[in-house]
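Asker: In this note's numbering, the protein residues as written are 147 to 409.
Note that the Cβ used here is the ideal one computed from N, Cα and C, for glycine as well.
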Amino acid sequence: MDGDPELISVARDLLADAERIVVLTGAGVSAESGVPTFRGHGGLWKEHRPEELATPEAFRRDPRLVWEWYAWRRGLLADCEPNPAHRALARLALALPGRTTPVTQNVDGLPHRAAWEVAGARDPAPALPLEVHGALHRDRCSGCGSIAERPDPVDATSAAALPKCRSCGALMRPDVVWFGEALDPEVIGAAFDAAAVADVCLVVGTSALVHPAASIPSATLAGGGALVEVNVEPTVLTPAARVSVLGPAAALLPSLLDQVAEP
Ligand code: OAD
147 MDGDPELISV ARDLLADAER IVVLTGAGVS AESGVPTFRG HGGLWKEHRP EELATPEAFR
207 RDPRLVWEWY AWRRGLLADC EPNPAHRALA RLALALPGRT TPVTQNVDGL PHRAAWEVAG
267 ARDPAPALPL EVHGALHRDR CSGCGSIAER PDPVDATSAA ALPKCRSCGA LMRPDVVWFG
327 EALDPEVIGA AFDAAAVADV CLVVGTSALV HPAASIPSAT LAGGGALVEV NVEPTVLTPA
387 ARVSVLGPAA ALLPSLLDQV AEP
């Protein structure tokens, strides 16, 4: 199903009337780029146990196994491109700079690529989302915390081959938030600040089950704003949404957002 036109129209009006918009995206926004979601059919967490792979304990126990999984995920991403949903969100944020705050739970970097692509000669900054769960294309030192971009594939064939910190020699790890870890307070704080003053929180492609990110829409509701949801199926947020449009993000977002983004 590609969205009820009446609901799309109501959602579009809400967004067009909004002075401030916060956008929260989850794995569903990248589904049509070929990135697996976490909990859906064929989702990453259906095939792997999070506690075996995405925790600090798992990394201490078997860093090679953890790196092997992330190397596989990075390899998947190498073949993925931003889709029309990413580009529609980038156009919106670039059209309303200072009025739109994009926030993503995704670590795939696709919104950044869409932002650069759509911005062309313009500054992409307004369309670069707050990445509340980190980013797969960066490493972080498990010892001193220093950050490094990682353009090369990681060799996870042996523990000895794993990447080490250039400053302190400790093992590098993916710069993503694992279960049991705190989010970067500045990044998640900025997301909540934007949500608290937003007239509309547009929530796209998230099951809204992982907190604190899943509580971002509640901050908008608490501030008197409205929730607009786009998802292929109802979620825990649906009962609180002013409008919930069912359908795939890549099909819906261009028609939902492009008129809002027009000058
Ligand atoms: P989930 O896999 O939990 O949820 C994906 C959501 O996207 C579901 O609600 C689907 O119905 C919806 N969906 C799937 N395909 C879609 C499409 N084409 N268009 C629109 N919606 C679609 O992923 P997240 O909610 O993002 O955290 O998961 C949140 C966090 O859980 C992730 O950031 C990750 C994971 O643990 C960390 O790794 C810290």
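Does DSSP put Ala294 in a helix, in a strand, or in coil?
Answerer: Here the question's residue 294 lines up with position 148 in the sequence shown. It is a strand residue.
Asker: The beta strand (DSSP E) spanning Pro248 covers which residue range?
Answerer: Residue numbering aside, residue 248 sits at position 102 when the sequence shown is read from its first letter. Counting along the chain, the beta strand (DSSP E) containing Pro248 begins and ends at Thr246 to Thr250.
Asker: For the candidate residues Glu379, Ala224, Ala173 and Asp208, whose alpha-carbon lies nearest to that of Ser304?
Answerer: Here residue 304 refers to the residue found at position 158 of the sequence shown. Minimum Cα distance to Ser304 is reached at Asp208.
Asker: Could you give the distance in angstroms between the alpha-carbon of Glu263 and the alpha-carbon of Ala157?
Answerer: To locate residue 263, count along the sequence shown from 1; it is residue 117. To locate residue 157, count along the sequence shown from 1; it is residue 11. Going by the C-alpha atoms only, they are around 26 Å apart.
Asker: Closest to Arg233 by CA distance: which of Ala360, His258, Leu223 and Trp218 is it?
Answerer: In the sequence shown, the residue the question calls residue 233 occupies position 87. The residue with the shortest Cα to Cα distance from Arg233 is His258.
Asker: Taking Cβ to Cβ, would you say Ala395 is nearer than 8 Å to Val374?
Answerer: For this step, residue 395 is matched to residue 249 along the sequence shown. For this step, residue 374 is matched to residue 228 along the sequence shown. Taking 8 Å as the Cβ cut-off, Ala395 and Val374 do not qualify as a contacting pair.
Asker: Could you tell me the distance, in whole angstroms, from the CA atom of Leu235 to the CA atom of Asp163?
Answerer: Counted from its first residue, the sequence shown places residue 235 at position 89. Counted from its first residue, the sequence shown places residue 163 at position 17. Cα to Cα, Leu235 sits roughly 17 Å from Asp163.
Asker: Counting pairs of Cβ atoms below 8 Å between the segment 318-330 and the segment 194-201, do you hit three or more?
Answerer: Yes: at least three Cβ pairs fall under 8 Å.
Asker: Where are the alpha helix (DSSP H) runs, 4 residues long or more, that stay fully inside the segment 148-225, in chain order?
Answerer: DSSP runs (the alpha helix (DSSP H)) wholly in the segment 148-225: 151-163, 190-193, 196-199, 202-207 and 209-224.
Asker: Who does Cys287 pair with in a DSSP beta bridge?
Answerer: Walking along the sequence shown from the start, residue 287 turns up at place 141. Beta-bridge pairing links Cys287 to Met318.
Asker: Would you give the residue range spanned by the beta strand (DSSP E) that Leu373 belongs to?
Answerer: As a first step, residue 373 is located in the sequence shown; it is residue number 227 there, counting from the start. Its beta strand (DSSP E) spans residues Ala372 to Asn377.
Asker: Could you check which residue in Ser155, Glu165, Arg166 and Gly172 has the C-alpha nearest to that of Val356?
Answerer: In the sequence shown, counting from the first residue as 1, residue 356 sits at position 210. Nearest option by C-alpha distance: Gly172.
Asker: Can you tell me whether Ala260 is buried or exposed, with buried defined as 16 or more other CB within 10 angstroms of its CB?
Answerer: In the sequence shown, the residue the question calls residue 260 occupies position 114. Buried is the call here.
Asker: Could you tell me whether any non-hydrogen atom of the ligand OAD is closer than 7 Å to the CB of Glu332?
Answerer: Position 186 of the sequence shown holds residue 332. Because no heavy atom of the ligand OAD lies under 7 Å away, the Cβ of Glu332 does not count as near it: no.
Asker: Which residue wins for smallest C-alpha separation from Ala302, given the options Arg210, Asp150, Glu178 and Met318?
Answerer: For the purposes of this step, residue 302 is identified with residue 156 of the sequence shown, where counting begins at 1. For the residues Arg210, Asp150, Glu178 and Met318, the minimum Cα distance to Ala302 belongs to Arg210.
Asker: If you follow the alpha helix (DSSP H) that Val356 is part of, which residue opens it and which one closes it?
Answerer: As a working mapping, residue 356 is identified with position 210 in the sequence shown. First-last for Val356: undefined, no H or E at that position.
Asker: Leaving aside the five residues before and after Leu240 along the sequence, list all residues of the same chain whose C-beta is less than 7 Å from its C-beta, in chain order.
Answerer: In the sequence shown, residue 240 corresponds to position 94, counting from 1. Taken in chain order, the residues that qualify are Val264, Ala265, Arg268, Pro272 and Ala273.
Asker: Using 8 Å as the threshold, is the C-beta distance between Ser288 and Ala316 below it?
Answerer: Stepping through the sequence shown from its first residue, residue 288 is reached at position 142. Stepping through the sequence shown from its first residue, residue 316 is reached at position 170. Against a cut-off of 8 Å, the Cβ pair of Ala316 and Ser288 comes out as a contact.
Asker: Pick out whichever of Ala217, Val406, Gln405 and Ala397 has its Cα sitting closest to the Cα of Gly149.
Answerer: Along the sequence shown, one-based indexing puts residue 149 at 3. The residue with the shortest Cα to Cα distance from Gly149 is Ala397.
Asker: Looking only at DSSP bridge pairs, what is Pro390 linked to?
Answerer: Position 244 of the sequence shown, counting from 1, holds the residue named residue 390. The amino acid occupying residue 390 in the given sequence is Ser; Pro does not appear at that position. In DSSP, Ser390 forms a bridge with Glu375.
Asker: State yes or no: is the C-beta of Val350 within less than 8 Å of the C-beta of Thr246?
Answerer: Position 204 of the sequence shown, counting from 1, holds the residue named residue 350. Position 100 of the sequence shown, counting from 1, holds the residue named residue 246. Their beta carbons are not under 8 Å apart, which means Val350 does not touch Thr246 by this criterion.
Asker: Helix, strand or coil: which one does DSSP assign to Gly255?
Answerer: In the sequence shown, counting from the first residue as 1, residue 255 sits at position 109. Three-state DSSP puts Gly255 in coil, outside helix and strand.
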